[in-house]
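Residue numbers (my numbering), protein chains in the order written: chain A, 203 to 452; chain H, 203 to 452.
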DNA sequence: AAGTGGTCTAGACCACTTA
DNA sequence: AAGTGGTCTAGACCACTTA
């Protein structure tokens, strides 16, 4: 369990750790705007004196705040409050199978098309590999009960995942299969609302032009692209949720 | 700057700190599936011996992994690898003004309607307050150049933010104004794709039924709701982006 | 040269949880 | 009773950055 400020504040009996007290103090000063962007936080030594604790305890707090993006730390200069350009929230992207099961529906998936072929120029660029490298191109439809739930269009870099060429994806759909077979180190998601094109409309059994949510995800291992996927959901059936509590982020 | 595993791997010269080495080791074991969910990680004492370092150093790493949601820690039981139910990604939600400026367009906003009135039953429930409490109900249109960019429909809990009743929001739109005036401790976002209704279509100058992205955000201060807002963007003009690197999350 | 953060140590005492 | 994590201390040495 992650204990965050929100939770901590509701559990009134729990004696706050020194760490948490210092964290909340500084955090509140920043979030309420008492300490404006550019404000310089007292150096660790001084904070340690103020709170009557060791420098290590203060250091952990301030490091955490830097990780959460509230401040920037630089040697000799000190810790400076950053402008709050963005609210960052934690978006949980669940496995489609789990999503469907969580709705109490029966999950199934179906491979509509599968090919191994050299990457086109555009694809190669997108995946960050040289042209003519082999990729797997897979189209997969996910069902909730008998209803189409999500259309998956995926490219896999066979340099990184050669096993994918021979895989049928019958038991596991490409997403979870890849999670099981490849270590990855970074992912990027783009989320947009669009009107369904002919392909999406046909497979998802919705009218052309009706709103769909498109989630595009690209995954890297070190600096090699592993896979790139576009997930298309009918607008009615899918909502993403993201939460944020500042102290949780660090 | 947050230094994450991805970055670290690309900066080959930088000597890895002990902390980072231990973190990467454990993380890779989990992310590659060598340590399956349920696997029990060696206790801190033993890890400290293995790496020839003090327990404190190990503790910081393992605490960070727990915060990132990769493992669960329990006294006496130890640290257990959690099932990877979700990929979590960090979604940055920018201020609309900044978003527009970043596109090189001129930003402006316009208050279309503003009222102070008692909350309806549904609104009271949504905001988690008793009925008849006063709320501010504001509709605001954001422009990029001369084009409508985003429709904002907002409720503000006047118990928490009494000043909002008298505010005209001419200089600052309600979002940034609230950020400047109220400390908050948690936020929740829901993101969906829908077809534009009559109201949205009219204000955004798009056809009825055309795809829009709807971002609903609710913000709390401790356990009081501060504000609830619905932002509606034409599907064409807006994409959300979320990134993730595992070690960054902690 | 001096201030600041980055990292680490070797210990301590306690709280919680299972047995 | 014993194992494990939670938190904290009082120091250390160094790297970086500004002056």
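Every residue, glycine too, gets a C-beta built ideally from N, C-alpha and C.
Owing to the predicted nature of the structure, the values given are computational and were not obtained by experimental measurement.
Counting only Cβ pairs nearer than 9 Å, list the residues of chain H close to residue 218 (chain A).
The contacting residues do not exist; residue 218 (chain A) stays about 14 Å from chain H at best.
Quick one: give me the first and last residue of the alpha helix (DSSP H) that residue 226 (chain H) is part of.
Counting along the chain, the unbroken alpha helix (DSSP H) around residue 226 (chain H) starts and ends at 220-233.
Would you say residue 391 (chain A) lies against chain H (beta-carbon separation less than 8 Å)?
yes
May I ask you to verify whether the stretch 384-392 of chain H touches the stretch 412-431 of chain H, counting CB pairs closer than 8 Å and requiring at least 3?
Two segments are said to touch when three or more pairs of C-beta atoms, one from each, lie closer than 8 Å; by this definition the stretch 384-392 of chain H touches the stretch 412-431 of chain H.
Helix, strand or coil, according to DSSP, for residue 238 (chain H) in the structure here?
coil
Is the distance from the Cβ of residue 241 (chain A) to the Cβ of residue 279 (chain A) below 8 Å?
No, the Cβ-Cβ distance between residue 241 (chain A) and residue 279 (chain A) is not below 8 Å.
Secondary structure at residue 357 (chain A), three-state DSSP: helix, strand or coil?
strand
Is residue 377 (chain A) helix, strand or coil when you go by DSSP?
The answer is helix: DSSP assigns residue 377 (chain A) an H, G or I state.
Determine the direct distance from the alpha carbon of residue 261 (chain A) to that of residue 268 (chain A), and round the result to whole angstroms.
10 Å
If we require 4 or more residues per run, which alpha helix (DSSP H) segments fall completely within the stretch 283-336 of chain H?
298-304 and 323-329
For chain H, is any of its Cβ atoms less than 8 Å away from the one on residue 386 (chain A)?
yes
Out of A:323, A:310 and A:222, which one is the CA nearest neighbour of residue 342 (chain A)?
A:310
Find the residues of chain A that neighbour residue 445 (chain H), judging by a C-beta separation of less than 8 Å, and give them in chain order.
388, 389, 390 and 391
By the criterion of Cβ-Cβ separation under 9 Å, what are the contact partners of residue 406 (chain A) in chain H?
Under the 9 Å cutoff, chain H gives no residues; its nearest Cβ is about 12 Å from residue 406 (chain A).
Where do the N-terminal and C-terminal ends of the beta strand (DSSP E) with residue 369 (chain H) fall, by residue?
Careful: residue 369 (chain H) lies outside any beta strand (DSSP E) and carries neither H nor E.
With 8 Å as the threshold, decide whether the Cβ of residue 310 (chain A) is near any Cβ in chain H.
By this cut-off, residue 310 (chain A) is not an interface position.
Buried or exposed, going by whether 16 or more other CB atoms sit within 10 Å of the CB of residue 364 (chain H)?
Exposed, by the Cβ-count rule.
According to DSSP, is residue 437 (chain H) helix, strand or coil?
helix
Which residues share a DSSP beta bridge with residue 274 (chain A)?
Among the bridge pairs identified by DSSP, residue 274 (chain A) is matched with A:282.
Please report whether the beta-carbon of residue 349 (chain H) lies at a distance below 8 Å from any beta-carbon of chain A.
no
Taking beta-carbon pairs under 8 Å, can you tell me which members of the stretch 278-300 of chain H lie near chain A?
286, 287, 288, 289, 290, 291, 292, 293, 294, 295, 296, 297 and 300
Are the stretch 333-348 of chain A and the stretch 305-323 of chain A touching, with three or more C-beta to C-beta distances below 8 Å?
yes
One question on the structure: do residue 366 (chain H) and residue 358 (chain H) come within less than 8 Å of each other, judged by their Cβ atoms?
Taking C-beta atoms as the reference points, residue 366 (chain H) and residue 358 (chain H) count as a pair closer than 8 Å.
Count the other C-beta atoms from every protein chain shown that fall within 10 angstroms of the C-beta of residue 372 (chain A), then say buried if there are 16 or more, exposed otherwise.
exposed
Does residue 441 (chain H) get closer than 8 Å to chain A when you measure Cβ to Cβ?
yes
Could you give the first and the last residue of the continuous alpha helix (DSSP H) run that contains residue 264 (chain H)?
Start and end: 257-269.
At what residues does the alpha helix (DSSP H) containing residue 250 (chain A) begin and finish?
First-last of the alpha helix (DSSP H) with residue 250 (chain A): 246-253.
Can you list, in chain order, the residues of its chain whose CB lies under 7 Å from that of residue 203 (chain A), leaving out five sequence neighbours each side?
In this prediction, residue 203 (chain A) scores a pLDDT of 29, lower than 50, which makes its location untrustworthy; no coordinate-derived value is stated.
Measure the alpha-carbon distance for residue 405 (chain A) versus residue 332 (chain H) and round it to whole angstroms.
46 Å
Round the Cβ separation of residue 398 (chain A) and residue 411 (chain A) to the nearest angstrom and send it over; I've been treating them as touching at under 8 Å.
6 Å
Can you give me, in chain order, the residues of the stretch 352-375 of chain A that have a beta carbon less than 9 Å from any beta carbon in chain H?
none
Here's a check: name, in chain order, each residue in its chain whose Cβ is nearer than 8 Å to the Cβ of residue 304 (chain H), leaving out the five neighbours to either side.
296
List the residues of chain A whose Cβ lies closer than 9 Å to the Cβ of residue 412 (chain H), in chain order.
397, 411 and 413
Which runs of the alpha helix (DSSP H), 4 residues or longer, sit entirely within the stretch 383-434 of chain H?
Under the rule that a run must span 4 or more residues, the alpha helix (DSSP H) segments found entirely inside the stretch 383-434 of chain H read 400-406.
With distance defined between alpha-carbon atoms, name the residue in A:320, A:290, A:264 and A:441 nearest to residue 250 (chain A).
Residue 250 (chain A) has its Cα closest to that of A:264, out of A:320, A:290, A:264 and A:441.
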